[in-house]
Amino acid sequence: PGSHIVCCSPCSASCLCGSAPCLLSGCCPSTYNSTVTRLAFSFFLLLGTVVSIIMILPGMETQLKKIPGFCEGGSSIPGVHGKVNCEIIVGYKSVYRMCFAMACFYLIPM
Numbered sequence: 006p007g008s009h010i011v012c013c014s015p016c017s018a019s020c021l022c023g024s025a026p027c028l029l030s031g032c033c034p035s036t037y038n039s040t041v042t043r044l045a046f047s048f049f050l051l052l053g054t055v056v057s058i059i060m061i062l063p064g065m066e067t068q069l070k071k072i073p074g075f076c077e078g079g080s081s082i083p084g085v086h087g088k089v090n091c092e093i094i095v096g097y098k099s100v101y102r103m104c105f106a107m108a109c110f111y112l113i114p115m
């Protein structure tokens, strides 16, 4: 009776990637759209930086090889036919790939 309840779901995160973070702003009515957008893009930048740091750590290739069926030469998972070459996805080249992806994300207009 007269009260307005806003329900936030994980699917509302898709609105953050657009021009207006409409659903999250509905969850936080005291914040402005620009503030929420800045926080969302800062989170994406932080996430990309953390992934880059993790992928350049020494020994990451051996950790990835411990995942069954992920790397080439490992056991295969039923229904999954492709395997990843773990030597290629770690190291300094993975940091370049991640930085390129982040640059495309931030520079290509939405």
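Numbering (the working numbering), first residue to last: 6 to 115.
We treat Cβ as the ideally placed atom computed from N, Cα and C, and that holds for glycine.
All values derive from a computational prediction rather than experimental measurement.
Item                                                                                                                             : Value
Can you give me the C-alpha to C-alpha distance between Ser-57 and Pro-114, rounded to a whole angstrom?                         : 24 Å
Which class does Asn-38 belong to by DSSP, given the choice of helix, strand or coil?                                            : helix
What first and last residue would you give for the alpha helix (DSSP H) that runs through Cys-91?                                : From DSSP, Cys-91 is part of no alpha helix (DSSP H); its letter is neither H nor E.
Just checking my contact of Glu-66 with Cys-91 at CB under 8 Å: how many whole Å lie between their CB atoms?                     : 5 Å
Roughly how many angstroms lie between the CA atoms of Tyr-101 and Asn-38, to the nearest whole one?                             : 31 Å
Which value, in whole angstroms, describes the spacing of the CA atoms of Val-89 and Pro-73?                                     : 11 Å
Looking at the C-beta of Ile-113, does it have a partner C-beta in chain E at a distance below 8 Å?                              : Absent from the structure: chain E. Only one protein chain is present.
Taking only the alpha-carbon atoms, compute the straight-line gap between Val-55 and Thr-40 and give it to the nearest angstrom. : 22 Å
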